[in-house]
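Everything below concerns the one structure shown next.
2 protein chains.
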Amino acid sequence: MTTETSTTAPPATSELLATVGNKVRSMRKDRGMTLARLSEITGLSQAIVSQIERGMANPSFTTLAQLAHGLDIPVGRFFIGQDQSRSPVVRRSARRNLQNVTRESVGEAIHELLTPDRDGTIEAQWISTPPGHDTSATPFTHSGEEFCYIISGRKDVYLDGVCYSLEEGDSITYSSEIPHWYKNSYEEVCVAIWVNAPHAL
Amino acid sequence: MTTETSTTAPPATSELLATVGNKVRSMRKDRGMTLARLSEITGLSQAIVSQIERGMANPSFTTLAQLAHGLDIPVGRFFIGQDQSRSPVVRRSARRNLQNVTRESVGEAIHELLTPDRDGTIEAQWISTPPGHDTSATPFTHSGEEFCYIISGRKDVYLDGVCYSLEEGDSITYSSEIPHWYKNSYEEVCVAIWVNAPHAL
DNA sequence: CTACTCACATAACTATAGTGAAGATTTGAG
DNA sequence: CTCAAATCTTCACTATAGTTATGTGAGTAG
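As they're listed, the protein sequences go chains A and B. The first sequence maps to residues 1 to 201 in UniProt numbering. The second sequence maps to residues 1 to 201 in UniProt numbering.
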């Protein structure tokens, strides 16, 4: 086989269409609207609304936006409860680069997200730090708990000013509320895994 | 004019398409993917992905689902930041009925949502309570702060067992953490506005 | 029972989303 | 600079989303 396979099976589209349709219909009924009324305020035809509600049409982006508008809900509401099936794995080839997200002081370091892009849950990064790299100018302080494991190279992690020199295979765990920064004061690139668990709501 | 107007202007679809396209492209780039790779794992053609990214096509529901799958994000991610423009008003004719959401002890009472269907923010309900209606069997206790205003009729609100008899025009405010219930021990239907402000995250 | 209304479904048509292949652009090595 | 490989866009076609108009079936009045 020549093609690399996808991370998981593709979504079963027909079922998705049915569930979205059911949502539209129940929301419309909740609001005491008829097909005619909803089509009037959305600018869509009764026919297509009826078909969508019964899972017999595949609404376009703009149609979804118009329906959401008519029902006064965020468009994303149509999609809740159907992404739990998303893969827990992030392939190396599909890691998200966080370069633009992180602070400028991070400089040449490469940050890649290791956790699926969910909101509010645990988050892991793959971090490659070049020799001399130093984040002491902008110590991090936020909520949650952190863990770091060194894959290769060495790195000095500072918690509240106290230095912990880590080598390959070492790890460190601490509260994110402690001001923390790190520095690669060695000759080789340091590659580490960094995990942050934000506190639950 | 014969038709009742919509609550707000319909969304400007062309702009939405552009913003969604930009999101797809930046997410793909973040992951270091080419059009060919994304089309491969989504099962879509390069052509349509290119067109969508440039805002020149109106992707269908299933196409959006496939793209989200390929990027390993929830589909709703495509829509964040574009629903702030939603109307703050909920027309009487478009109120959402919460009947099925509330507890069975609520019985014949009618609950209708008065706030736009956002998550996690303040929420208001219109509540119609028939004579004799009583929720004391299942007192409510949750987080946040509550406020209730009586539009017509009378109602007895109990906070931690203490009775407050409210009449038309009266209002009451309390912490939702206090176990609370209410009873319409009068002859007429009571109509009230109830507001709950969940504590911010 | 018949005529009328309201809510929804179906049918025939047309506009466009999506495909596959070929063309244009960019990138990088020598 | 030139050539080649990789990446992206354009083109001609087909499958289908969405429209207008008509049909069905349940209720209600006369």
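Don't be surprised by glycine CBs; every beta carbon is placed ideally from N, CA and C.
Query, Result
"Please report whether the beta-carbon of Leu-16 (chain A) lies at a distance below 7 Å from any beta-carbon of chain B.", "yes"
"Taking 7 Å as the CB-CB limit, is Asn-22 (chain B) close to chain A?", "no"
"Just to confirm my understanding: we take Ala-18 (chain A), look at its own chain, exclude 5 residues before and 5 after, and list those with CB closer than 7 Å. What are they?", "Gly-55"
"Taking the beta strand (DSSP E) that Glu-167 (chain B) falls in, what are its first and last residues?", "162-167"
"Nearest by alpha-carbon distance to Tyr-186 (chain A): which of A:Pro-59, A:Asp-134, A:Asn-58 and A:Arg-154 is it?", "A:Arg-154"
"Short of 8 Å Cβ to Cβ, which residues in the stretch 57-68 of chain A face chain B?", "Asn-58, Pro-59, Ser-60, Phe-61, Thr-62, Leu-64, Ala-65, Gln-66 and Ala-68"
"Just to confirm before moving on: does the CB-CB distance between Trp-181 (chain A) and Thr-135 (chain A) stay below 7 Å?", "yes"
"Which of the three DSSP states, helix, strand or coil, is assigned to His-69 (chain B)?", "helix"
"Since Val-157 (chain B) is in the beta strand (DSSP E), which residue starts that stretch and which ends it?", "154-159"
"Give the single residue among B:Thr-62, B:Leu-67, B:Gly-32 and B:Phe-61 whose Cα lies nearest to the Cα of residue 234 (chain B).", "Nothing can be reported for residue 234 (chain B): it is not among the residues displayed for chain B, which extend from 1 to 201."
"Using only the alpha-carbon positions, how far apart do His-133 (chain A) and Tyr-164 (chain A) sit?", "16 Å"
"Evaluate contact between the stretch 37-47 of chain A and the stretch 34-44 of chain B, counting only Cβ atoms and requiring at least three cross-stretch pairs below 8 Å.", "no"
"Does the distance from the CB of Ser-60 (chain A) to the CB of Asn-22 (chain B) come in under 7 Å?", "no"
"Spell out the partners DSSP gives Tyr-182 (chain B) in its beta bridges.", "B:Val-157"
"By the 10 Å Cβ neighbour count, where 16 or more other Cβ atoms means buried, how is Pro-179 (chain B) classified, buried or exposed?", "exposed"
"Any beta carbon of chain B sitting closer than 7 Å to that of Asp-55 (chain A)?", "A small fix is needed here, since residue 55 (chain A) is Gly in this sequence, not Asp. So no, Gly-55 (chain A) is outside the interface."
"Where do the ends of the beta strand (DSSP E) carrying Thr-42 (chain A) lie?", "First-last for Thr-42 (chain A): 35-42, but that is the alpha helix (DSSP H), not the beta strand (DSSP E)."
"Just grab the DSSP bridge partners of Ile-150 (chain B) for me.", "B:Ala-192"
"Do we get a CB-CB distance below 7 Å when we pair Thr-121 (chain A) with the residues of chain B?", "Legend: pLDDT at Thr-121 (chain A) = 44, less than 50; position of this residue unreliable, value from coordinates given subsequently. No, Thr-121 (chain A) does not count as interfacial toward chain B."
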